[in-house]
Amino acid sequence: MKGFTREHTEFSLCGLACLLCPMQVGGCCPGCGGGAGNQSCAIARCSLEQGGPEFCSECAAYPCARYDEFDAADSFVPHSRRAADLARAGEMGLDAWLALLRQKRAVLDQLLADWNDGRRKSLYCAAAYLLEPQALRRVMEALAAQSGLVAAPAKERAQAAAALLQTEADRAGISLKLNKGKG
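Residue 189, in the numbering used here, is where the sequence shown stops; the numbers in between run on with no holes.
Here it is, written out as structure tokens:
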């Protein structure tokens, strides 16, 4: 989109944690942080019309009708906490929020590199997004402690990682299952 650029492409205008999104992990960001920006992103266009706030939460009209029912489905990236993430970034400060996302991304990269059977990217992205860093560290420590898994087939390694992530999610009362549409 002409005239649209963003300094912080790791966290979207509307509050999505882009750094943990399966599309960005794959190197193809179709959102407001992709290249010159997504030509069809209504929120990016709105940002330009509103004077270019870096995040929707900086806009005088926030939250607006564009947020109605946006959180109802999260098949692309878990974004049921989009408004909460904008608020958390505001409370923590952007630098601290981005540092937290980068910590989570480091775990996600390790899961994808060493514990993936080619079928777990969405699960790992959801877990990295939804679980706190302490829970993710516990999973990685538990995986490292199982020395026999390192030489195990990819499917077995992935099953072990998925089970540990699910245990941490259950402990936190979090569902790692994505809502692919309105219930």
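By construction, the Cβ of each residue, glycine as well, lies at the ideal position given by its N, Cα and C atoms.
Collapsed DSSP secondary structure at residue i in the structure displayed
i: proline 59; result: coil
i: glutamine 152; result: coil
i: aspartate 123; result: coil
i: alanine 157; result: coil
i: glycine 43; result: Here the model assigns glycine 43 a pLDDT of 46, short of 50, so the residue's position is not dependable, and the following value carries that caveat. Note: glycine 43 maps to coil in three-state DSSP.
i: aspartate 176; result: helix
i: leucine 19; result: coil
i: arginine 144; result: helix
i: tyrosine 68; result: coil
i: aspartate 74; result: coil
i: glutamate 162; result: helix
i: leucine 106; result: helix
i: serine 181; result: coil
i: arginine 194; result: Because the chain is modelled from 7 through 189, residue 194 falls outside the range shown and cannot be assessed.
Proximity below 9 Å, CB of residue i to CB of residue j
i: arginine 12; j: cysteine 52; result: no
i: alanine 166; j: glutamine 152; result: yes
i: leucine 106; j: proline 69; result: no
i: leucine 171; j: tyrosine 130; result: yes
i: valine 31; j: lysine 127; result: yes
i: lysine 110; j: leucine 182; result: no
i: alanine 48; j: arginine 87; result: no
Length of the line joining the Cα atoms of residue i and residue j
i: leucine 3; j: phenylalanine 10; result: A question about residue 3 goes unanswered here, because the residues of the chain that appear run from 7 up to 189.
i: glycine 57; j: alanine 50; result: 11 Å
i: glycine 43; j: threonine 15; result: Any answer about glycine 43 is weak, because its pLDDT of 46 lies below 50 and its placement is not dependable; what the coordinates show is given next. The alpha-carbon atoms of glycine 43 and threonine 15 are separated by roughly 10 Å.
i: alanine 95; j: cysteine 65; result: 15 Å
i: aspartate 91; j: leucine 100; result: 11 Å
i: alanine 164; j: arginine 125; result: 9 Å
i: alanine 175; j: asparagine 122; result: 18 Å
i: isoleucine 208; j: alanine 141; result: Only positions 7 to 189 of the chain appear in this structure, which leaves residue 208 out of reach.
i: alanine 89; j: leucine 118; result: 28 Å
i: leucine 114; j: alanine 67; result: 34 Å
i: leucine 155; j: glutamate 147; result: 13 Å
i: leucine 149; j: arginine 108; result: 20 Å
i: alanine 157; j: alanine 168; result: 17 Å
i: glutamate 97; j: tryptophan 103; result: 9 Å
i: alanine 132; j: glutamine 116; result: 14 Å
i: arginine 144; j: threonine 173; result: 11 Å
First through last residue of the alpha helix (DSSP H) which encompasses residue i
i: alanine 23; result: Element bounds for alanine 23: n/a, residue is neither H nor E.
i: glutamate 97; result: 88-98
i: proline 28; result: 28-31
* Meets three-Cβ-pair contact criterion under 8 Å: the region 7-24 and the region 58-65 -> A contact exists between the region 7-24 and the region 58-65.
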